[in-house]
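Q: One structure follows; several queries about it will come next.
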Amino acid sequence: MINRFWSGFILLLVLSGCGWDGTPTRHNDFTPLTSIEIVAVSTTIAAKTSTRLAVKGNFSGLFTRDITNEAVWSSASPAVAGFITVTSPNRVTGQGPGTAVLTATVGAVSGTFNLTVSDATATALTITPAAPSIAKGLNSRLGVSGAFSDDTTQDLTFDAVWTSSDTAVATIGDIVEDKSEDKRIVTALAAGTATISATFGAVSGTTLLTVTAAVLQSITVTPANSSITGFSKPVTFVATGTFSDGTTADITSQAAWSSSRPEIATIPATGGVATTVAAGTTSISAALNGISGKTDLIVTAPALIANGLKIAPVSLPLLLNSVSASGRFTVTATFTDGTTKDVTASSEWSSNFSNIASVNNIGTDKGLVTGVTVGSATI
Numbered sequence: 004m005i006n007r008f009w010s011g012f013i014l015l016l017v018l019s020g021c022g023w024d025g026t027p028t029r030h031n032d033f034t035p036l037t038s039i040e041i042v043a044v045s046t047t048i049a050a051k052t053s054t055r056l057a058v059k060g061n062f063s064g065l066f067t068r069d070i071t072n073e074a075v076w077s078s079a080s081p082a083v084a085g086f087i088t089v090t091s092p093n094r095v096t097g098q099g100p101g102t103a104v105l106t107a108t109v110g111a112v113s114g115t116f117n118l119t120v121s122d123a124t125a126t127a128l129t130i131t132p133a134a135p136s137i138a139k140g141l142n143s144r145l146g147v148s149g150a151f152s153d154d155t156t157q158d159l160t161f162d163a164v165w166t167s168s169d170t171a172v173a174t175i176g177d178i179v180e181d182k183s184e185d186k187r188i189v190t191a192l193a194a195g196t197a198t199i200s201a202t203f204g205a206v207s208g209t210t211l212l213t214v215t216a217a218v219l220q221s222i223t224v225t226p227a228n229s230s231i232t233g234f235s236k237p238v239t240f241v242a243t244g245t246f247s248d249g250t251t252a253d254i255t256s257q258a259a260w261s262s263s264r265p266e267i268a269t270i271p272a273t274g275g276v277a278t279t280v281a282a283g284t285t286s287i288s289a290a291l292n293g294i295s296g297k298t299d300l301i302v303t304a305p306a307l308i309a310n311g312l313k314i315a316p317v318s319l320p321l322l323l324n325s326v327s328a329s330g331r332f333t334v335t336a337t338f339t340d341g342t343t344k345d346v347t348a349s350s351e352w353s354s355n356f357s358n359i360a361s362v363n364n365i366g367t368d369k370g371l372v373t374g375v376t377v378g379s380a381t382i
């Protein structure tokens with residue numbers, strides 16, 4: 004006769020005293036996404052203009068995170084507003100007056116947003132910053148705001164046509180997405196001045212760009228000695244250059260970035276945005292033209308959420324005197340930043356009836372359960 008016993012569990016495992024290393028390794032993938040919120044700068048845009056939308060996901064009320072890059076977009080009224088920009092799928096463009104219901108879908112969960120498109124026309128354009136001055140070889144990020152006939156204003160950086168009066172002094176480059184705004188890159192090639200123009204429809208705005216021969220002398224990286232809790236978290240740094248003429252400029256996008264300890268936080272060579280990996284301290288550096296500056300980033304482990312341990316499987320039937328006389332449990336921890344970690348090997352395991360089923364609590368076989376006699380036990 005084959006004897007059988009059934010082993011289940013209750014959530015008795017306590018993280019304190021487990022000796023785990025506190026390093027979640029991936030985003031939560033078992034707490035389900037339950038709702039979506041679409042975030043926009045404005046609920047109204049003018050026809051022939053565009054705006055970017057963002058998506059915030061709520062995961063069972065335990066945490067939220069940005070899931071914009073995971074969303075699939077659609078419009079119920081594409082003749083009013085539609086998603087037509089391949090390089091920026093979350094950018095919606097107003098086609099004609101009316102209201103369109105926009106939908107963002109991630110997996111089986113959707114959220115909607117009502118966007119109104121007006122027939123207002125642009126009356127004036129303003130380029131910012133006004134009268135910028137940058138050193139030769141660097142670049143500046145410019146934006147343009149439009150005033151409209153209905154007394155509203157709107158970012159037109161993406162929609163405007165940009166030109167430089169002297170391309171030997173400065174040239175117009177690509178659009179970059181800067182937080183909730185768009186910016187146009189202008190590159191300084193030689194000392195002198197150039198008029199930068201932005202045109203939308205029949206309306207234009209201009210600013211005078213001055214390119215100097217100043218030399219970079221030092222770099223300051225901010226925020227200084229910052230601290231963040233959690234892993235897979237972005238941390239944005241800014242590099243400010245001080246030049247020989249006493250001026251300063253944001254050189255974040257032009258500096259070469261590095262981390263002294265990539266096992267604590269990584270940072271790509273461009274952009275200035277680090278990603279936390281594990282608890283500890285690393286130096287974040289920015290370098291340009293042989294000059295560098297740095298600051299420390301302190302990363303601490305996140306806390307375990309309430310009821311944040313999940314043991315799998317929920318039950319484990321074993322057959323005595325067979326190859327199925329043993330089985331394995333694993334435990335996954337969920338943290339306050341939404342990340343998870345397999346903590347099987349760093350947890351303390353026990354059985355309430357070790358004479359029925361014993362559980363290994365040593366080395367790589369932690370969580371391995373072996374049947375001893377017929378009955379049931381809680382692991």
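Taking this note's numbering, the leading residue of the sequence shown gets 4, the next gets one more, and so forth. Here a beta-carbon is modelled for each residue, glycine too, at the ideal position from N, C-alpha and C. Note that the structure is predicted; figures quoted are calculated from it, not measured.
What separation, rounded to the nearest whole angstrom, lies between the Cα atoms of Thr160 and Ile270?
A: Between Thr160 and Ile270, the C-alpha separation is close to 28 Å.
Q: Just the C-alpha distance for Val405 and Leu300, rounded to the nearest angstrom, thanks.
A: A query on residue 405 cannot be resolved here, the shown segment of the chain reaching from 4 to 382 and no further.
Q: Along the chain, which unbroken stretches of the beta strand (DSSP E) at least 3 residues long are found entirely within the segment 162 to 195?
A: Runs found: 164 to 167, 173 to 181 and 184 to 191.
Q: Per DSSP, which one or two residues make a beta bridge with Pro237?
A: DSSP output for Pro237 lists Thr278 as bridge partner(s).
Q: How far does the beta strand (DSSP E) with Glu73 in it extend, from its first residue to its last?
A: No beta strand (DSSP E) contains Glu73, which DSSP labels as neither H nor E.
Q: Look at Ser262 and Gly275 and say whether their C-beta atoms are less than 9 Å apart.
A: No, they are not a contact pair.
Q: With 16 other CB atoms within 10 Å as the buried threshold, where does Val372 fall?
A: Val372 is buried by the Cβ-count criterion.
Q: Please determine if the segment 117 to 131 and the segment 200 to 210 are in contact, where contact requires at least 3 C-beta pairs separated by less than 8 Å.
A: Verdict: yes, contact present.
Q: Quick one: grab the DSSP three-state call for Gly204.
A: Coil, per DSSP.
Q: Report yes if the C-beta distance between Val224 and Gly293 is below 9 Å; otherwise report no.
A: Not in contact: Val224 and Gly293 (Cβ atoms no closer than 9 Å).
Q: Is the segment 94 to 104 close to the segment 60 to 71, with three or more CB pairs under 8 Å?
A: No, they do not touch.
Q: Which one or two residues does DSSP pair with Asn117 in a beta bridge?
A: BP columns for Asn117 point to Val104.
Q: For Thr46, does the three-state DSSP call read helix, strand or coil?
A: Three-state result, Thr46: coil.
Q: Run the proximity test for Phe203: is its beta-carbon closer than 8 Å to any non-hydrogen atom belonging to the ligand SAM?
A: Here there are no bound small molecules, and the ligand SAM is not part of this structure.
Q: Using CA atoms only, rank isn't needed, just tell me which of Thr347, Val189 and Val179 is closest to Val172.
A: For Val172, the nearest C-alpha among the options comes from Val189.
Q: Does the segment 272 to 290 come into contact with the segment 230 to 250, if we say contact requires no fewer than three beta-carbon pairs (one atom in each stretch) closer than 8 Å?
A: Yes, the segment 272 to 290 touches the segment 230 to 250.
Q: Ends of the beta strand (DSSP E) at Ile231?
A: Taken as a continuous stretch (DSSP letters only), the beta strand (DSSP E) holding Ile231 covers Ser229 to Thr232.
Q: Between Gln220 and Phe246, which are expected to be in contact by the criterion C-beta below 8 Å, what is the C-beta distance as a whole number of angstroms?
A: Indeed, because the Cβ distance is near 6 Å, the residues count as touching under 8 Å.
Q: Using a Cβ-Cβ cutoff of less than 6 Å, which residues in the same chain neighbour Phe116 once the five nearest sequence positions on both sides are dropped?
A: The residues are Ile41 and Leu105.
Q: Under the rule that 16 or more other beta-carbon atoms within 10 Å means buried, what is Ala82, buried or exposed?
A: So Ala82 counts as exposed.
Q: Tell me, please, which residues DSSP counts as bridged to Phe2.
A: The structure shown has nothing for residue 2, since the chain only spans 4 to 382.
Q: If you count every other CB in all the chains shown that lies within 10 Å of the CB of Pro27, and 16 or more means buried, which is it?
A: Only weak support is given to the placement of Pro27: the predicted model assigns it a pLDDT of 44, under 50, and the question is left unresolved by the model.
Q: If we ignore side chains and look at the alpha-carbon of each, how far apart do Asn358 and Ala380 end up?
A: If I take the Cα positions, the gap works out to 9 Å.
Q: Starting from the C-beta of Thr34, find all residues in its chain whose C-beta is less than 7 Å away, skip the five residues before and the five after it, and write them out in chain order.
A: Phe62, Ser63, Leu65 and Thr337.
Q: In whole angstroms, what separates the C-alpha of Glu73 from that of Ile39?
A: Those two C-alpha atoms are separated by around 12 Å.
Q: May I ask you to list the residues that DSSP assigns as paired with Val260?
A: According to the sequence shown, residue 260 is Trp rather than Val. Trp260 pairs with Ala289.
Q: Over what stretch of residues does the beta strand (DSSP E) that includes Pro320 continue unbroken?
A: Looking at the DSSP string, the run of the beta strand (DSSP E) that includes Pro320 is Ser318 to Leu322.
Q: Note down, in chain order, each residue of its chain lying with its Cβ closer than 7 Å to the Cβ of Glu266, except the 5 sequence neighbours on either side.
A: So the qualifying residues of the chain are Val280 and Ala281.
Q: Classify Gly1: buried if its beta carbon has 16 or more other beta carbons within 10 angstroms, exposed otherwise.
A: Here the chain has residues from 4 to 382 only, and residue 1 is not among them.
Q: For Ser395, does the count of other Cβ atoms within 10 angstroms reach 16, so buried, or fall short, so exposed?
A: Nothing in the structure corresponds to residue 395, since the chain is present only between 4 and 382.
Q: For Ser80, which of Ala103, Thr67, Ile87 and Thr273 has the nearest alpha-carbon?
A: The shortest Cα separation from Ser80 among Ala103, Thr67, Ile87 and Thr273 belongs to Ala103.
Q: Please name the residue, chosen from Gly283, Ala191 and Ser349, that lies closest to Ile254 on a Cα-to-Cα basis.
A: Closest option to Ile254, Cα to Cα, is Ala191.
Q: Return the Cβ separation of Ser361 and Ser354 in integer angstroms, given the expectation that the two are a contact with Cβ distance under 8 Å.
A: With 8 Å as the limit, Ser361 and Ser354 qualify as a contact, their Cβ atoms being about 6 Å apart.
Q: Buried or exposed, going by whether 16 or more other CB atoms sit within 10 Å of the CB of Val317?
A: That one is exposed.
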